Amino acid sequence: MTHPPRPVRPVRRALVGLLALGALAVAWPGGAFGTSSPSEQAQQLLERTRQAAATHDFSGWVTVTWRDGATVRKAEVEVTDAGGVVEARVNGNVVYDSGTRTYVKDGNRWTGIAVGPADGETPSAAAHWKLTTRPGPEVAGRSTTQVVASRRDGTVAQRTAVDDATGLLLQREVLTKNGKVERALVFTELDLGATTTHVTAPAGLHAQQSSTITTVPDGFVAPSALGNATLVTRAKQSDGVLLWYSDGLFSTSVFEQRGTLDWTALPDGGTDTSMRGTTMRRYSEPSGTVLVWERDGVVYTCVSDAPADVFDASVTALTAPERSSLERVADFVLGPFGWN
Amino acid sequence: MTDARDFLATDMLSAYLDGELTDTERAEVEAQLAESAEWRAELDDVRGARTMLRAVAEQDAPEGFWDAVMAGVVAADDAPVEGEEDDAPAAATVVSLDEKRRGPGRWIATAFAAAAAVALAVIIVPSRDTVKPDVATAVVQHGAQGSDLGDPIGTITPVGPLAGFRR
Amino acid sequence: MAEGVPTWEEIARDHGRFLYSVAYRLAGNNDDAQDLVQESLLRIRRGLERYEPGSLEGWMARIVTNVFLDEVRRKKRRPVDALPDDPGRVLPPTPAADEVQTGLSDEIQRALGELPEDFRVPVVLCDVSDLSYEQIAEATGVPIGTVRSRIHRGRRMLRAQLTAAGVTGP
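Chains as they are written, first to last, in our numbering: chain A, 2 to 341; chain B, 26 to 192; chain C, 9 to 178.
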C-alpha cells in the first residue's frame with residue numbers, strides 16, 4: 002500500500018516530485034519501457050528504486066553477506082520502513098533513519114550521526130558504467146527485473162534486482178573483477194503494508210554539527226575526483242572534514258582529521274596493507290570497504306561501497322606522492338611550517 | 026571494541042621469538058600455540074620474516090665506500106653540537122640531490138639545521154592530537170549520506186559494527 | 009677493542025660492517041647509506057667524549073637511527089629536494105647499478121623499502137642490529153608496547169611482500 006510522501010529532507014522531496022511523473026511511465030509489471038535504450042531503461046529502474054523506498058511501507062528480513070579476507074560473513078537484518086522512517090535491527094542494535102536524522106543504538110547507547118546536507122549532484126551512472134537490464138530472479142516470492150552494471154572490460158560490478166510491482170530494491174550484489182561476490186544483500190521476506198518501527202529515537206538527541214563548505218581548510222586534501230567518482234559534497238564537522246564522492250553507482254566517503262593516528266585504538270579484525278609505501282588498515286564491512294591511514298599530519302578514514310579494485314584505484318588520488326608544481330612552490334615559499 | 030589484551034596477544038609472538046617475554050608470558054604463548062592453528066600460522070609468518078632478514082643482515086660496503094666516508098669525516102669541520110645551530114633560513118634546507126652527492130659538507134650543515142629546527146609532529150613521536158578514528162560511525166555515516174542522496178539501501182547495510190564483527 | 013674509549017677510526021674499522029648494514033637497510037641505497045654512515049661517524053666522534061663503555065653497538069645503532077630519522081623528518085617537511093620543474097627531483101631510492109648483492113638480499117631490501125619508516129626502523133634495529141626492545145624504544149622515542157607491535161606488524165608486512173614477490177623461506 003502506498004502513501005503520500007511524508008516530510009523528508011529537501012533533496013528527497015525534490016526527487017520524489019521529479020519522479021512522480023516518471024513513475025507513471027515506468028511503473029507497471031514487466032517494465033515496458035517504450036523506445037529508450039537499455040542503458041536508459043536501467044537508469045530509470047535505479048531511479049525507481051529511490052522513489053519506491055520513499056513511498057512504500059514495508060517490513061521484512063534482509064540477509065547481508067560479505068567477504069572478509071578469506072571468510073564469508075553473514076548477518077540477518079530485520080528491516081522496517083514506516084512512514085519513511087527506516088529501521089534496521091540486528092542483534093538488538095539499530096540503525097534508525099528518520100528522514101531528517103540518522104541514529105545508531107548500540108547496546109543501550111544512542112548516537113546521533115551527522116549527515117551533511119545533500120546539495121550536490123550525483124553524476125549519471127552511465128558515464129562510467131555499462132548498464133543493461135534483463136529479467137531478474139524471483140526474490141522473496143516476487144518477480145523482479147535485474148539491472149547489471151559492468152566495468153569497461155565487461156566484468157560485472159553490480160547486479161540489482163528491482164521488484165516489478167513496487168520498484169523496491171530487493172537484491173544487490175557487488176562483484177570483484179574475478180566475478181566473486183564481494184558483498185550482497187537480499188530480501189528473504191517482504192511484507193508490504195502499514196507498519197511501525199520497534200524503537201523510537203529518544204527526544205532531544207542531537208547529532209554533531211555538520212555544515213557544507215565550498216573549500217577545505219589548509220592541510221586537508223580534497224581532490225575533485227577519486228578515480229571516476231566526483232566530489233559531491235564537502236562538510237565541516239566538529240572533529241574534521243567529510244568529503245563524499247560518487248560515480249553514479251558507487252560512493253566513497255573520506256573523513257579527514259588532523260593529528261596522529263592511534264593505531265592501537267582501531268577496532269580488531271582489520272588487515273594491514275601497504276599502498277605506495279603508506280600503511281593502511283583495511284576492514285571489509287557489509288556496506289563497503291574501510292581504509293584508515295595517515296599522511297602529512299592528517300588521518301584518513303575512507304568508506305566505499307565500490308568493488309575493491311575500483312576503490313583501490315580511486316584511493317591513489319589521496320596517496321599520490323607527486324605534488325603539482327604549484328604545490329611544490331608553495332612548500333618552498335612557506336618553508337618547513339607551511340603545512341602545519 | 027576489542028579488549029586491549031586481545032589486541033596485544035598476537036604481538037606477543039614476535040616478542041616471543043625475540044626473547045622479550047617474561048616466563049609467565051612465554052608459558053601463555055606456548056599454551057595458545059598448542060591450541061590455535063591461527064597462532065601457529067602467524068608465528069610461521071613472522072618467524073620466516075625474522076629469519077630471512079637475519080640471514081642477510083650484515084654485508085660489506087661496496088668498493089670505494091669507506092674511502093669516501095673516511096675522507097668526508099676527516100674533511101668536515103668540528104661542527105657545533107646539535108642545538109647550537111641557529112634556525113637556518115628556508116633556502117638552506119632546500120638541497121638538490123646532485124649537490125648532496127658532490128660534497129658532504131652542505132648536507133651535514135642542513136642536517137644540523139634540520140635537527141635544530143622545531144620538531145613538528147612526525148612519525149615516531151606521538152602528537153598531542155592523537156586521533157582515534159570511529160570506524161563504526163564512519164561506516165554508518167557513509168550509508169546515511171548515501172541514503173540521503175537516494176541510495177535506498179544505504180541505511181540497511183552499515184550493520185557490520187552492530188552485528189558484532191568489530192568487538 | 010682497546011680498554012676504555014675507542015677512537016672513531018677504530019670504531020669505523022672494527023664495526024664498519026655493522027654500521028654499513030644498519031644504514032643500508034634503513035636507507036635502501038648506497039648513496040644515502042654513505043651519507044648516513046658519514047654523519048653517524050661525525051656524531052660518534054663528537055659523542056665519544058661523553059660515551060660510557062657499555063653496549064657500543066646499541067649506542068652506534070641509536071646514532072644511526074637518529075641520523076636517519078632526522079633525514080626522514082627533513083624530507084617530510086620539504087617533500088621535494090629540488091626546485092620546481094627540476095627534472096632530477098626526488099624519486100624513491102632504488103638500488104644503485106653498481107651493487108653486487110644478488111638474490112635474497114635484494115628481495116629483502118625491496119620488501120623493506122615498501123615498509124613505511126615507522127615500521128622499517130624497529131624491524132631493522134631488531135633484526136639487523138640486534139637491539140633489545142628497550143633499546144629500540146629509547147632509540148626511537150616510542151613506548152615499548154608500540155615497539156613490540158610495530159615489529160610484529162612490520163614483520164608480517166615484510167613476509168606478505170616477500171610472498172607476493174615469490175620469495176619463500178630462508
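Cβ coordinates follow ideal geometry from the N, Cα and C atoms, glycine included.
Bear in mind that the values here come from a model prediction, so they are computed numbers and not experimental data.
The C-alpha of A:Thr302 is placed about 7 Å away from the C-alpha of A:Trp294. Going by DSSP, A:Asp297 is part of no beta strand (DSSP E) at all; its letter is neither H nor E. A:Val65 has its alpha-carbon roughly 12 Å from the corresponding atom of A:Arg90.
Sequence-ordered contacts of the segment 254-283 of chain A with chain C read Trp264, Thr265, Asp273, Ser275, Gly278, Thr279, Thr280 [C-beta pairs closer than 8 Å]. Take A:Asp107, set aside five residues on each side of it, and the residues of its chain with a beta-carbon closer than 7 Å to its own are Asn94, in chain order.
Looking at the backbone, the Cα of A:Arg135 and that of A:Thr56 are separated by about 25 Å.
By a beta-carbon distance limit of 8 Å, A:Gln258 does not contact A:Val291. Their separation comes to about 15 Å. In terms of CA proximity to A:Val304, A:Arg283 leads the group A:Ala318, A:Thr320, A:Arg283, A:Asp297. Under DSSP, A:Met276 shares a beta bridge with A:Thr279. When the beta-carbon positions are compared, C:Ser137 and C:Ala69 come within less than 8 Å of each other.
Per the Cβ contact rule, the segment 123-137 of chain A is in contact with the segment 248-257 of chain A (3 or more Cβ pairs under 8 Å).
Of the candidates C:Val150, C:Cys134, C:Ser140, C:Leu139, the residue whose Cα lies closest to the Cα of B:Val71 is C:Cys134. Selection C:Glu146, C:Val132, C:Leu166, C:Leu139 evaluated against C:Glu65 yields C:Leu139 as nearest (Cα-Cα). The alpha-carbon separation between B:Thr47 and C:Pro124 amounts to approximately 30 Å. Per the C-alpha coordinates, the member of A:Phe312, A:Glu286, A:Val200 positioned closest to A:Tyr97 is A:Val200.
Here C:Glu57 is exposed: its Cβ has fewer than 16 other Cβ atoms, across all protein chains shown, within 10 Å.
According to the DSSP assignment, A:Ile214 belongs to no alpha helix (DSSP H), since it is labelled neither H nor E. Note that the C-beta distance between A:Asp273 and A:Thr280 is below 8 Å.
A:Asp306 is classed as buried because its beta carbon has at least 16 other beta carbons within 10 Å across all chains shown.
Assigned with DSSP and collapsed to three states, A:Ala158 falls in strand. Residues of the same chain with a CB within less than 7 Å of the CB of C:Met165, apart from the 5 flanking positions on each side, are Leu123, Phe127 in chain order. For A:Val140, the closest alpha carbon among the candidates A:Leu243, A:Leu170, A:Asp263, A:Phe256 is that of A:Leu170. DSSP, reduced to helix, strand and coil, places A:Asn94 within a strand of the structure shown. Judged by DSSP in its simplified three-state form, A:Pro39 adopts helix.
A Cβ-Cβ distance of about 11 Å is found for the pair C:Leu34 and C:Val45, leaving them out of contact under the 8 Å criterion. Using a CB distance cut-off of 8 Å, C:Pro130 does not count as an interface residue toward chain A.
A:Leu244 and B:Gln166 have their C-alpha atoms some 11 Å from each other. Against chain B, a Cβ distance below 8 Å from C:Gly24 picks out Ala86, Trp91.
At the C-beta level, A:Ser315 and A:Gly228 come within 8 Å of one another.
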